[in-house]
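Here's the structure we're looking at; comments come further down.
There are 8 protein chains.
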Amino acid sequence: MTFDELYDKIASGELNRQEAQRHFTLDWIQTARNYIADVNRGSRINIPEVIYGEYKSASQSVEIARALLERHPRVLVSRSPHNREIAAHFEAEYVIEETPNLLMIGEAPPSRGAVLIISAGAADHPVLAECALTLRCIGVKTIVFEDRGIAHPTRVLDAVKTGIENDVAAVIVVAGMEGALAPFVASLVPLPVIGVPTSVGYGFRAKEAALTSMLASCAPNLTVVNIDGGLRAAVVAGLIAKNR
Amino acid sequence: MTFDELYDKIASGELNRQEAQRHFTLDWIQTARNYIADVNRGSRINIPEVIYGEYKSASQSVEIARALLERHPRVLVSRSPHNREIAAHFEAEYVIEETPNLLMIGEAPPSRGAVLIISAGAADHPVLAECALTLRCIGVKTIVFEDRGIAHPTRVLDAVKTGIENDVAAVIVVAGMEGALAPFVASLVPLPVIGVPTSVGYGFRAKEAALTSMLASCAPNLTVVNIDGGLRAAVVAGLIAKNR
Amino acid sequence: MTFDELYDKIASGELNRQEAQRHFTLDWIQTARNYIADVNRGSRINIPEVIYGEYKSASQSVEIARALLERHPRVLVSRSPHNREIAAHFEAEYVIEETPNLLMIGEAPPSRGAVLIISAGAADHPVLAECALTLRCIGVKTIVFEDRGIAHPTRVLDAVKTGIENDVAAVIVVAGMEGALAPFVASLVPLPVIGVPTSVGYGFRAKEAALTSMLASCAPNLTVVNIDGGLRAAVVAGLIAKNR
Amino acid sequence: MTFDELYDKIASGELNRQEAQRHFTLDWIQTARNYIADVNRGSRINIPEVIYGEYKSASQSVEIARALLERHPRVLVSRSPHNREIAAHFEAEYVIEETPNLLMIGEAPPSRGAVLIISAGAADHPVLAECALTLRCIGVKTIVFEDRGIAHPTRVLDAVKTGIENDVAAVIVVAGMEGALAPFVASLVPLPVIGVPTSVGYGFRAKEAALTSMLASCAPNLTVVNIDGGLRAAVVAGLIAKNR
Amino acid sequence: MTFDELYDKIASGELNRQEAQRHFTLDWIQTARNYIADVNRGSRINIPEVIYGEYKSASQSVEIARALLERHPRVLVSRSPHNREIAAHFEAEYVIEETPNLLMIGEAPPSRGAVLIISAGAADHPVLAECALTLRCIGVKTIVFEDRGIAHPTRVLDAVKTGIENDVAAVIVVAGMEGALAPFVASLVPLPVIGVPTSVGYGFRAKEAALTSMLASCAPNLTVVNIDGGLRAAVVAGLIAKNR
Amino acid sequence: MTFDELYDKIASGELNRQEAQRHFTLDWIQTARNYIADVNRGSRINIPEVIYGEYKSASQSVEIARALLERHPRVLVSRSPHNREIAAHFEAEYVIEETPNLLMIGEAPPSRGAVLIISAGAADHPVLAECALTLRCIGVKTIVFEDRGIAHPTRVLDAVKTGIENDVAAVIVVAGMEGALAPFVASLVPLPVIGVPTSVGYGFRAKEAALTSMLASCAPNLTVVNIDGGLRAAVVAGLIAKNR
Amino acid sequence: MTFDELYDKIASGELNRQEAQRHFTLDWIQTARNYIADVNRGSRINIPEVIYGEYKSASQSVEIARALLERHPRVLVSRSPHNREIAAHFEAEYVIEETPNLLMIGEAPPSRGAVLIISAGAADHPVLAECALTLRCIGVKTIVFEDRGIAHPTRVLDAVKTGIENDVAAVIVVAGMEGALAPFVASLVPLPVIGVPTSVGYGFRAKEAALTSMLASCAPNLTVVNIDGGLRAAVVAGLIAKNR
Amino acid sequence: MTFDELYDKIASGELNRQEAQRHFTLDWIQTARNYIADVNRGSRINIPEVIYGEYKSASQSVEIARALLERHPRVLVSRSPHNREIAAHFEAEYVIEETPNLLMIGEAPPSRGAVLIISAGAADHPVLAECALTLRCIGVKTIVFEDRGIAHPTRVLDAVKTGIENDVAAVIVVAGMEGALAPFVASLVPLPVIGVPTSVGYGFRAKEAALTSMLASCAPNLTVVNIDGGLRAAVVAGLIAKNR
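Residue numbers (this note's numbering), protein chains in the order written: chain W, 172 to 415; chain S, 172 to 415; chain L, 172 to 415; chain A, 172 to 415; chain Y, 172 to 415; chain Z, 172 to 415; chain H, 172 to 415; chain R, 172 to 415.
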């Protein structure tokens, strides 16, 4: 029923108000529905398929992964407490890569472009590894330096230098505590820097200090993702690197 | 004095502990100082010169701007309460562009690349205008749509469509209140999206709701800057667009 | 271009990856756009047209109101600091009703159904008045009792009794400070209760105490809106009353 | 003793101040007590009997449930860590229905009216199931769609369409993370929408982001309950649906 | 209609469900209402009549005060921004006492008992004065020491000594900043101590530090009221002193 | 050395500045130390001896208790996770009373005065029991009513009535969630009311809602202690009751 | 009365319990009072006399200052909004030094030792000036560098180098926004560093970001004072420098 | 390549913009790198080598410790959950000292200077022990008093007196709950006081109350470190003591 038809039926009294309103709303929705083929969101926004595993049982994650693997060459499972169990279901058929926070089922694509990843301390490893594996999954090369806190400035400089020599398109800085590594690196490179504050720390606002500090920074080329949001930082960096 | 010389003098007792330590620290700093020519940070990281005007008097900002304009073709003054007064000092010599939060002194460079900027409501205008002027200053074209809240999805779709037709390299979403426009747009584009939460709203966590919501979003291609941080979003988007 | 055409052009190599992706996204958006007639959102979700006036100048609000009044019999302007000035533009042509937080331009429709509104103290008046005027604008009768704090339980009972005698469909409780009036009323009526916490109070969490308390309540028939969110409470209560 | 008698005894000096005050207060309370027959609160406010099981032992909950079942056909036990053990005591005599957060002892009544329940992700299941079972207990039909996040708009549209076709009286939206599903659904329906923010999420304000966002939303037909407050949302929706 | 009558009419089908429920609820309320004489709450709980003046105009406060003064010998107006104007209406007829936060209209009663009030700094004066005037209004003697911060322990000791020599029944400690005066005084006296944290201070949690500290104290004889809640502290201390 | 002597030695140059300052500070402290006999703090401030057991091992608590029992007839151990083990050391010699949060070693003294204790729900039991045992230890009679939430007002009235009939000197209200029981009871009695907010609840500010609400209340005769601070409320109520 | 005498009078029944307790407490206090000569607290803890001027009128501050100047050669008035007016009262007799937050009346003493003060931006000037003037008042030399943010590392190095060459005993770092300058400087010097977070910034936790970041830092030689707490940082640094 | 060479190549067009920018940035970094010999940060800032063990496995900490012990006589491992296991690897070769939060491998150096450490309660022991061991590792003598809360002022005075008699250079105060011990001690000594707020406490802001209170204190000679930050307080105090 078109809007015009609807209008006529209301004017002529064929439909009472409640019926007319329901028809109107349904038509609006039906129209949108018929024409939007949501076949392939993964392609549409060009990022890997991710299963958020935190609250799912192993078998729930396995089932969804199987369905996705029918249409996609690879799938990520994030924050699942059942990495080992899920991996066991696919090891015979697929290449598996695994970090504490992330599992990739399926082979990584060939890589284009490059992203530099620097972390402040060894405790930030799980988030750094999540960044790196996500970028592998997207098909972007990574150059990774761990444990390069602001207390050792020359070690930071080495890392940045290597990144620029490899012509990276963006830099990801993974840091907890006061998170000062992110503005320091941002002041050194003519590139977008994506800060990933981690929940590493103790005491006052232990889990939020790095986020607070990165948001408040006056470094103009620094953006931020959620605390421990390695996957998100990697997707953004990957989109920058691949479109370059 | 090299580290070796220092070492020898300590070993031979020529320097006592306090003297040696002071020498050691001074040498470390002196060495770094001599060799780092900090002449031209603007060029090094490739972003416009910005004067943070919030706590400065008009004359302080004018003085700094004058000094910078000797070496740079244009300068930004952000968050000054004295925009009009500052502009008056330069209008005879320079082109001036002005928004509530930002003042550009000097002519904009020719533009390369393009960025899409969408705001949720009319109240977000000052931040949106700050994004747009910053991008002009960097030399990046902008495509701007205002007042495209999530309540009118088709108006959002129009904006996104126009952006993609113009081959934008990144999208900036400026939104207050619950900030839901940012994840919605992020789900529509295969591009990095930079969310700028604004301080528009009332009631519970009025100024922080959009930031909270954007950080918590599961949209993987969405990064965030500080509340009302239009300049920073624009610099990041500009770096993406120009390097593409 | 249909998805099938797109697929063929990719398969045949006619479109490179970047072009194909842009086409794909544009097609998805174009399709949705063509078929969604967003003509009349006000009718679709059946609520009054509201102009959020907080950050708008008087002339901006006047201009938008004029445009809306061409298609709608009445318009609300909320939280404008320019009520008087806006009203002046329309007084010759329209009936005007005004409260501190809200302005209605145009005549109220005939009313169906009824809602009970109770406030805890005289300081809650602006929010209570906003509820009442919004309900008038929707076409719902209101029964209003002010200054009925929990310290005078019999005065609360009188108010509730009158409401039930008039067969109200829902109750709105407007209260600041510790907000205890809302769970107390909720325990007395077999109806949905909508709590509007107000920003009235002083000291610790002065503006948030009533919200905190209403959310934490164990009264099962109590929902909550944002602090000072009178309009929203009234719209929900109005939808309940009119659909009954 | 009436107030008049009290007055006389004070005037004549028969009672000293402390005694008189005690009498006065006692009389006030006694009067209220004698005349308020609190026999049947469950009937008075027309909602199911609920035992808050979170801090009770299995045997405490069983004992209270038994007492209530003497006067009521069914009872809910919410948030008990001892669901299985409690159920075991009643399985021989009663029909039992169970979700992670809620247990119903006794058969559901016949249903009238209908409510639509939509959740954003699989992780929201326990809260969604709590809503659905509560509505069964009240005697209202539910139409349930799970895992309909904002990232797949057409799947949201399908859910809303089905709800409206079935003439639901209200919509419950269960969502964690940024909670953007709630304002999106609210913008599509001419009905009261009750948002249930869940504690699903990670990082910054992980447990509160959805609540913050739903409260801050400008959708006028959206109210909110406490985080994970499924039962409360269901009771309100049930009251709307049954009174319609 | 009694509950029995109601029951019969339901059983016989004379009343349908909705009617019966309304009757039931109305009866419950009516019954309570008829028998509760709420004539004189001020006498019932034995505290002064207080007008909360913060959000009221001068004329609103004057009108309420006049009405109350017909039945009460004195009235308090708290937190009014119109103290001077209100006082002007009553000066011809009544004795007026005034502090920045509080206005008493009417003569103070004769005093019984005594309370010690100590403040930490001169900036706490308005809250201290509010305590003292409220106690005058209740009819309790006060012993007042100002500006006795923890930095001068002997001055604190003098104040406490004088209080005990005068046999005070309770101590009120008014303090901002870190509020350490309250636990220190509490450790010196065998009496109930009521801490009034003030909003005096600057920097981190400037307005809440004293409240936080007083709540966290391990002093067992210390209770707390809201920030700047002088009136409340005085009422509690007054009840203790008068009942002693 | 007196201050005068010190002064002379400085004036004559006998002491250099650093020596003089050290002497001066030492003298100040020495003087105070010699004359303050800190023998018997328990008597001085008239409250029971309490061992804070939360972070102590069983044997640490036992050792301290033994030492105190040499001089005191009874001792309290609060928040120890080792209640059973500690009790075992003293059962042969002493009467033991025990609640989840508190252990009394030694016989309760004879009681004087009375305090009314009311809790909102069964989940508040541990805090209520802590209040009651502390008052036994002080030698004050308690009248206790559990599970009297605001949803059943007549049950609250019964409790208050019994308390007043027994001439209690103060009322303690123990409540979690929205804590509305405290202002309700405060509005019914001409007595000091001490609110003990508990950490019972879920969702938004689950552990702090009752505290927030009690602090924000406008009931003038209500003071508050820390969350779950039963012992402190009881000590204050006990001091009021015994001094009456 | 000594403790022994008291004991005897209790044992013989000469004093009842209440009297004895009051005597006991009074004696304890009297004893302490007699022997603590609080004549000269300024000398005792060796810091300048400070009048906290924030809530005082000009005349109140003037009066206190006059009294102090009778016994002290100089006085500080901090955070007074009446600097000019206060200064006017003393200019004839005393040397005056003035910064936005602080006023010194009286001549500075000769200086010993040195402290390095570095600020991140021009907006931090008032706090930096407060540090410097306080140190002058204590008699410590200052070496001051302004506007040395982390974005220009070589300028930071210059400042640190000069400080060490002058053999400073401590470093004060004054910084707002993300406060990263403090850990950076701390990593460069073998000295105590005192961070003064300022309230300069905007957006998320604008006033608290630097404090959060400095507390969370892993730099082991960094301590922190309250936000904008320049005076306190200077006193600590001064004590270090003078005792060296 | 020098900056001049770079300039020429740009001017002559030999390098395009992207290449030139990369060179420029690389040169800047390379220059700094070549000349900064970061051999010996431990010596440079004169503090012990610390391994942050919280997120490391035993073997990771062991490996790093071994490497450091090749160049340093002693190493600290902080906050490791594997103290015992790590100690076992080194016991044969090194002296080990251990507290709950800290492990020292290697013999303490001879001590110079002295620091006074006072804690408020037995529950603060782990943090106090961390302070003491860190100072041993730095080579500073400690004078330690535990369990000296403000409730026993004479015991505090004893501790302070002993400290001053031993000519300590600084005082560390370790306190949880309301943290009032820190400003009290600060008011007694002419020395820098470093407050270490601990996470000991319960109820409202249980873990943050002492920090809030210490920051808000008006004691001018008090600085603060992070919650439970014993190591940091000790390093600062140690630097003060050794440089004296």
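No residue lacks a Cβ here, since even glycine has one placed at the ideal position from N, Cα and C.
These numbers were taken from a predicted model, which means no experiment stands behind them.
For the alpha helix (DSSP H) that Met-385(S) lies in, which residues bound it at each end?
380 to 387
Which residues in chain Y have a C-beta closer than 9 Å to the C-beta of Ala-294(L)? List them in chain order.
Tyr-223, Glu-225, Tyr-226 and Lys-227
Can you find a C-beta in chain L that's less than 8 Å from the C-beta of Asn-397(A)?
yes
Unbroken beta strand (DSSP E) run spanning Ile-365(S), endpoints
364 to 368
Is the shortest distance between the beta-carbon of Val-345(W) and the beta-carbons of chain R less than 8 Å?
no
Who are the neighbours of Gly-374(Y) on chain H, taking C-beta pairs under 7 Å?
Asn-397, Ile-398, Asp-399 and Gly-400
If the cut is a Cβ gap below 9 Å, which residues of chain A does Arg-403(L) touch?
Ser-388, Cys-389, Ala-390, Pro-391, Asn-392, Leu-393 and Thr-394
Taking three-plus beta-carbon pairs below 8 Å as touching, is the segment 286 to 299 of chain S in contact with the segment 251 to 260 of chain S?
no
Check whether the Cβ of Leu-274(S) sits closer than 7 Å to any heavy atom of the ligand ZN, and report yes or no.
Here there are no bound small molecules, and the ligand ZN is not part of this structure.
For chain R, is any of its Cβ atoms less than 8 Å away from the one on Val-364(W)?
no
Using CA atoms only, rank isn't needed, just tell me which of Glu-241(Z), Cys-308(Z), Ser-230(Z) and Val-233(Z) is closest to Thr-140(Z).
Residue 140(Z) is absent from the model: chain Z starts at 172 and stops at 415.
With a threshold of 8 Å between beta-carbons, can Val-379(H) be considered close to chain Y, or not?
Here residue 379(H) turns out to be Glu, not Val, going by the sequence shown. At least one chain Y Cβ lies under 8 Å of Glu-379(H).
Per-residue DSSP class, three states only, for Val-371(R):
coil
Going by Cα to Cα distance, which pick from Leu-382(Z), Gly-372(Z), Val-407(Z) and Pro-391(Z) is closest to Gly-292(Z)?
Gly-372(Z)
Among Pro-354(L), Pro-252(L), Thr-313(L) and Glu-336(L), which one has its Cα closest to the Cα of Gly-320(L)?
Pro-354(L)
Tell me the residue span of the beta strand (DSSP E) that contains Ser-251(Z).
Per DSSP, Ser-251(Z) belongs to no beta strand (DSSP E) and is neither H nor E.
Per-residue DSSP class, three states only, for Leu-218(S)
Sequence check: residue 218(S) is Ile here, not Leu. Reduced to three states, the DSSP call for Ile-218(S) is coil.
Are the segment 308 to 317 of chain H and the segment 343 to 357 of chain W in contact at 8 Å, needing three or more beta carbon pairs?
no
Buried or exposed, going by whether 16 or more other CB atoms sit within 10 Å of the CB of Ile-294(Y)?
For the sequence presented, residue 294(Y) should be read as Ala rather than Ile. Classification of Ala-294(Y): buried, given that the 10 Å Cβ count is 16 or more.
Distance between Ala-279(Z) and Glu-262(Z) (C-alpha atoms, nearest Å):
15 Å
Determine whether the beta carbon atoms of Ile-411(H) and Pro-368(H) lie at a separation below 8 Å.
no
For the alpha helix (DSSP H) containing Leu-410(S), list its first residue and its last residue.
401 to 414
Measuring only the C-alpha atoms, how far is Thr-333(S) from Arg-326(S)?
11 Å
Compare the Cα-Cα distances from Gly-277(R) to each of Val-298(R), Ser-388(R) and Leu-304(R) and report the closest residue.
Leu-304(R)
Any contact of the segment 215 to 229 of chain H with the segment 237 to 250 of chain H, i.e. 3+ C-beta pairs under 8 Å?
yes
Can you pull the chain L neighbours of Val-371(S), defined as C-beta to C-beta under 7 Å?
Tyr-226
Please classify Glu-268(L) as buried or exposed, where buried requires at least 16 neighbouring CB atoms within 10 angstroms.
buried
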